[in-house]
Structure formats: C-alpha cells, structure tokens
Amino acid sequence: MGISLFNLDGKIALITGSTHGLGMAMAMGLGKAGATIIVNGNSSQKKIDDAVLEYQRAGIKAFGFKFNVTKELEVIEAIQEIQQNHGAIDILVNNAGIIKRTPLEEMEVHDFKEVIDVDLVSPFIVSKHVVKNMIDRKQGKIINICSMMSELGRNTVGAYAAAKGGLKMLTQNMATEWAKHNIQINGIGPGYFATSQTAPIRIKGHPFNDFIVNRTPSGKWGDPNDLAGAAIFLASDASNFVNGHIIYVDGGILATIGKPSNEN
59 MGISLFNLDG
69 KIALITGSTH
79 GLGMAMAMGL
89 GKAGATIIVN
99 GNSSQKKIDD
109 AVLEYQRAGI
119 KAFGFKFNVT
129 KELEVIEAIQ
139 EIQQNHGAID
149 ILVNNAGIIK
159 RTPLEEMEVH
169 DFKEVIDVDL
179 VSPFIVSKHV
189 VKNMIDRKQG
199 KIINICSMMS
209 ELGRNTVGAY
219 AAAKGGLKML
229 TQNMATEWAK
239 HNIQINGIGP
249 GYFATSQTAP
259 IRIKGHPFND
269 FIVNRTPSGK
279 WGDPNDLAGA
289 AIFLASDASN
299 FVNGHIIYVD
309 GGILATIGKP
319 SNEN
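Residues 59 to 322 in the numbering used here are what the sequence shown spells out, letter by letter.
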C-alpha cells in the first residue's frame with residue numbers, strides 16, 4: 059500500500075518550463091513514478107524536441123508543446139490539444155519563471171511587470187484553464203513552484219520576491235476555492251541548487267558560494283534530484299488531504315537565522 063500511494067501510472071502531467079533545470083528534474087521524478095510528461099517551453103521547438111528525447115531516453119513517455127504561458131489564447135489552444143490527443147491533465151506543475159536582478163530604484167516598470175506576468179499571472183492563467191476539467195472530474199493536483207523569496211527579501215530581486223510572495227497567497231486561495239472539488243493545490247519552494255546556471259558562482263572561495271554553504275544548515279547546495287520526492291508526494295495520492303501548503307526544499311535555510319561567520 060505504501061508504494062501504491064506514490065504511483066503515478068496512467069496520470070498526465072503538464073510541467074511548464076520543463077525543458078531544462080529544476081523543471082526537468084521535477085518532471086523526471088514524476089515520469090519515473092509513472093506519469094506521462096507534457097513538456098512545455100517557449101524558446102524554440104528544437105529545445106522542446108531535445109528535451110522530449112532526453113525524457114524518452116530515461117524511459118519516460120513524453121510529448122512536447124510550445125506555447126507562451128502568459129498568452130491566454132495560446133494556453134487555451136494547447137490545453138485543448140493536450141486533452142484531445144493525450145487525455146485529461148491530472149497534474150499541473152506551474153514552474154515557468156524568470157528573474158531580473160536589478161535594484162528596485164533602477165528597475166524599469168516594464169521589466170517589473172514582465173516578471174510579475176511570467177511568475178505570478180501565468181500560473182493563474184494556466185491553472186484557470188486546466189482546473190475546469192479537474193472540477194468536472196472531481197480530482198486533480200496543482201503544484202505551484204514558489205521560492206524562498208515567497209518568505210524572504212533579498213537585494214536586487216524585488217520583482218521576483220513580489221511575484222513569488224503573491225504566488226504563495228495565490229496557492230492558498232486556489233486551495234480555498236477548489237479543495238471542495240477534491241483538488242489539491244500546494245507549492246514547492248526550492249532553496250539554492252547546483253544547476254548549470256549556478257555553476258559560475260559555485261566555486262569555493264566565491265563570496266556567494268561561501269554565503270550559501272554557510273547559510274544552509276546542510277552545508278551544501280541542493281541536488282536538483284532532491285526536488286523529485288516533494289513533487290511526487292504532492293502529485294500523488296499520498297497528499298490527498300494536503301492543501302494550501304508550501305514545502306520548502308532548502309536544506310534548512312528557512313529554519314535558522316544563520317550562524318556567525320567565525321563558527322565552524
């Protein structure tokens with residue numbers, strides 16, 4: 059029984075922004091648990107096709123769909139095509155996101171709005187059109203990818219923190235409105251992970267690397283695969299009475315005020 063709680067066989071999972079990075083790591087976890095993966099991206103069809111091949115090489119059934127999560131008509135058309143060709147979406151992971159590192163007093167308004175649009179408005183758009191079928195079927199799982207910036211501020215990421223803080227509250231409100239339909243809506247808040255994007259700053263002696271290692275009780279950067287378990291839990295029957303929560307996969311950062319610089 060314990061194993062079956064986490065079995066995703068026969069489930070259709072749409073993961074936005076799943077051609078690389080943390081989105082791919084979570085989607086890989088869902089696929090290895092049995093789900094069919096719907097890969098989404100917006101940069102190029104080749105990148106989507108290459109990602110689909112990577113999933114397939116891992117033994118995962120995957121299909122790619124290129125659409126912009128901030129464009130409602132594109133989202134509607136894609137969801138209709140997915141449901142017609144592959145079946146109803148059982149699991150939605152709102153992962154697509156961007157960040158612009160600029161001090162607030164120097165940030166252009168259009169850049170601020172773009173971050174809000176991608177990181178906060180798009181989860182609303184995609185969820186709105188996926189959840190309708192979930193409501194009809196009285197079942198579904200929605201996972202919003204939040205951030206430690208859903209709880210904390212940090213220099214130069216004001217727009218991102220505003221969006222991710224909003225996404226935390228949107229997650230709770232989705233649960234408030236949709237839990238009665240047997241739909242579970244939760245979030246994952248990743249900490250700092252070892253990815254290709256963070257490689258240049260993960261060098262011993264680099265100020266930010268040393269800051270993260272010292273600030274994290276685990277004393278290290280996270281492995282992207284560490285996110286798979288949380289994603290599987292929230293996508294599976296194991297979380298059927300879990301609603302409106304954010305699981306922070308951060309090595310303990312949010313649990314502590316940190317340690318003095320002279321402490322081992």
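Note that CB positions come from ideal geometry on N, CA and C, so glycine has one too.
Note that the coordinates shown come from a computational prediction; the quantities given were computed from them, not determined experimentally.
Beta-carbon proximity list for residue i, same chain, < 8 Å, skipping 5 on both sides
i	result
M227	none
A252	R260, W279, G280, D281 and P282
N213	P161
G92	N65, L66, D67, G68 and K69
M207	V215, Y218, A219, K222 and G223
F266	I259
Residue nearest to residue i in terms of C-alpha spacing, selected from the options
i	options	result
I311	Q255, F269 and A219	F269
G302	L131, G75, N244 and I290	N244
L111	E132, V133, M86 and F266	M86
Y113	T94, I174, N202 and N126	T94
V300	S102, K317, I201 and Q103	I201
Range covered by the alpha helix (DSSP H) that runs through residue i
i	result
G79	G79 to K90
I137	E130 to H144
Q103	Q103 to R115
E69	According to the sequence displayed, residue 69 carries Lys and not Glu. That residue, K69, is in no alpha helix (DSSP H); it is neither H nor E in DSSP.
M226	Just to set this straight, residue 226 is Lys in the shown sequence, not Met. Note, K226: alpha helix (DSSP H), G216 to W236.
I174	V167 to I174
N213	Counting along the chain, N213 falls outside any alpha helix (DSSP H), and DSSP gives it neither H nor E.
K190	S180 to R195
I200	Not the alpha helix (DSSP H): I200 falls in the beta strand (DSSP E), residues G198 to I203.
Cβ neighbours of residue i in the same chain (closer than 7 Å, five flanking residues each side left out)
i	result
A83	P282, N283, L285 and A286
A25	As displayed, the chain neither begins before 59 nor continues past 322, which places residue 25 out of reach and without an answer.
D177	G155, I156, Y218, A221, K222 and L225
T77	V97, G99, K105, I106 and A109
E209	L312
H187	V133, I134 and I137
Q103	K124
G60	Reliability of the predicted coordinates at G60 is poor, the pLDDT of 48 falling under 50, and the value obtained from them is presented with this limitation in mind. Cβ within range, chain order: n/a, list empty.
R273	I311 and G316
CA-to-CA distance, residue j to residue i, given in whole angstroms
i	j	result
G247	N143	32 Å
N65	Q230	26 Å
I73	A233	19 Å
D67	G117	13 Å
G122	V271	36 Å
K170	S180	First, the amino acid is wrong: residue 170 is Phe here, not Lys. Answer to the nearest angstrom: the Cα atoms are 15 Å apart.
K129	T256	29 Å
K262	D308	20 Å
R115	V184	28 Å
A237	G249	27 Å
N126	N240	28 Å
I193	E164	43 Å
G216	E166	12 Å
D175	G211	19 Å
K119	G89	7 Å
I203	Q197	20 Å
G277	A289	23 Å
F182	Y306	21 Å
Own chain partners of residue i with C-beta closer than 6 Å, once the 5 adjacent residues on each side are dropped
i	result
K199	I149, Q242 and A293
F291	S297
I140	I96
I315	none
S205	K222 and G247
Residue i - containing beta strand (DSSP E), residue span
i	result
Y306	I304 to V307
I96	T94 to G99
L150	I149 to N152
I290	Premise fails: I290 lies in the alpha helix (DSSP H), D284 to A293, not in any beta strand (DSSP E).
I241	I241 to P248
F121	A120 to K124
Any chance the segment 137–157 sits against the segment 72–86, with 3 or more Cβ pairs inside 8 Å?
yes
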